[in-house]
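First up is the structure itself, then whatever we jot down about it.
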Ligand code: NAD
């Protein structure tokens with residue numbers, strides 16, 4: 003298998019896409035540290051996957067928590083080959099006109115704190131071990147990293163910022179460490195929004211009929227589940243499969259292709 007004995011940290015690993023990444027990476031032979039802020043989700047994950055997975059509860063906005071997650075991988079598995087930044091918040095398409103001015107600054111800080119600062123701090127924490135292993139970074143971006151309408155200005159700007167991080171970090175960390183992104187499209191997960199915008203109590207699927215929208219409105223007419231997006235992560239993390247790949251964002255959303263009217 004492609005990831006035999008790879009040591010991996012996944013952030014936002016408790017549900018949705020992160021959880022699907024953990025499951026698949028374990029199937030591919032990897033040893034995984036699952037890092038999430040939700041202890042309940044991590045307990046459930048450990049119940050299902052057992053000793054193949056180490057769990058770390060913490061906040062990706064914290065330097066100390068990122069350090070703990072990466073240190074755990076090195077302690078438990080002897081090295082770190084791949085850091086996957088994935089924890090994210092959505093803004094539920096809250097537009098600038100519809101955002102009350104008194105929520106805007108705090109909502110921005112909370113969303114960018116997770117979606118952008120969380121990735122910066124995570125890569126910083128992982129870097130010494132990644133240099134030692136000649137490892138790589140994979141960051142979860144989104145259709146919103148390329149196209150408007152997949153969120154409001156806060157989310158879309160945060161995911162565009164992720165493209166900048168991939169390019170700049172690939173440049174700075176070469177030749178030792180490869181840095182790439184994966185941009186999935188919509189899926190029904192537990193994705194939530196900033197408490198500062200009053201968006202922390204509902205999940206994306208409770209508000210938007212996402213499976214129907216994807217099945218009817220996407221070019222390929224499918225409602226992808228989190229596991230359908232995971233192949234790109236396996237490919238990018240597998241050293242032998244991606245030996246030349248850095249600074250690249252794999253757009254697996256299909257959102258660049260409009261649905262055919264008569265398709
Ligand atoms: P999810 O909510 O199911 O998973 C995200 C996980 O991140 C949750 O388990 C949550 O507890 C954790 N998390 C949130 N804030 C955290 C913090 N501060 N510290 C640590 N953990 C934290 O949602 P998902 O849809 O699987 O999201 C994963 C990634 O996929 C995100 O980056 C998101 O932007 C991206 N994405 C999602 C969609 C979609 O439609 N669901 C589309 C494109 C991209």
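In the numbering used here, the protein residues as written are 3 to 265.
Where is the CB? At the ideal position from N, CA and C, for every residue including glycine.
Please read all numbers here as calculations on a predicted model, not as lab measurements.
Residue i classed as buried or exposed, judged by whether at least 16 other C-beta atoms fall within 10 angstroms
| i | result |
| --- | --- |
| residue 23 | buried |
| residue 43 | buried |
| residue 180 | buried |
| residue 263 | exposed |
| residue 170 | exposed |
| residue 212 | buried |
| residue 136 | exposed |
| residue 128 | buried |
| residue 49 | exposed |
| residue 201 | buried |
| residue 183 | buried |
| residue 82 | buried |
| residue 173 | exposed |
| residue 100 | exposed |
| residue 147 | buried |
| residue 47 | buried |
| residue 215 | exposed |
| residue 38 | buried |
| residue 97 | exposed |
Best match in the options for proximity to residue i [C-alpha to C-alpha]
| i | options | result |
| --- | --- | --- |
| residue 95 | 196, 164, 79, 234 | 196 |
| residue 236 | 97, 211, 190, 85 | 85 |
| residue 161 | 113, 6, 4, 35 | 113 |
| residue 118 | 108, 141, 37 | 141 |
| residue 189 | 217, 165, 16 | 217 |
| residue 80 | 27, 10, 90, 231 | 10 |
| residue 175 | 5, 131, 202 | 131 |
| residue 225 | 255, 250, 47 | 255 |
| residue 253 | 124, 231, 260, 97 | 231 |
| residue 220 | 259, 238, 250 | 259 |
| residue 106 | 53, 133, 157 | 157 |
| residue 228 | 191, 7, 222, 68 | 191 |
| residue 92 | 53, 133, 70, 159 | 159 |
| residue 178 | 139, 17, 20, 51 | 139 |
Any non-hydrogen atom of ligand 1 closer than 8 Å to residue i Cβ
| i | result |
| --- | --- |
| residue 217 | no |
| residue 159 | no |
| residue 37 | yes |
| residue 108 | no |
| residue 126 | no |
| residue 140 | no |
| residue 43 | yes |
| residue 66 | no |
| residue 224 | no |
| residue 129 | no |
| residue 168 | no |
| residue 206 | yes |
| residue 116 | yes |
| residue 212 | yes |
| residue 228 | yes |
| residue 92 | yes |
| residue 88 | yes |
| residue 145 | yes |
| residue 191 | yes |
| residue 96 | no |
| residue 136 | no |
| residue 209 | no |
| residue 61 | yes |
| residue 19 | yes |
Let me know the beta strand (DSSP E) ranges lying completely inside the stretch 7 to 95, each 3 residues or longer, listed in chain order. For the stretch 7 to 95, whole beta strand (DSSP E) runs of length 3 or above, ordered along the chain, are 9 to 13, 33 to 38, 55 to 59, 84 to 87.
Extract the residue ranges of the alpha helix (DSSP H) inside the stretch 125 to 154, only unbroken runs of 4 or more that lie entirely within it. With a minimum length of 4 residues, no continuous alpha helix (DSSP H) run stays inside the stretch 125 to 154.
Entirely enclosed beta strand (DSSP E) segments - the stretch 190 to 225, minimum 3 residues: Taken in chain order, the whole beta strand (DSSP E) runs of length 3 or more contained in the stretch 190 to 225 number zero.
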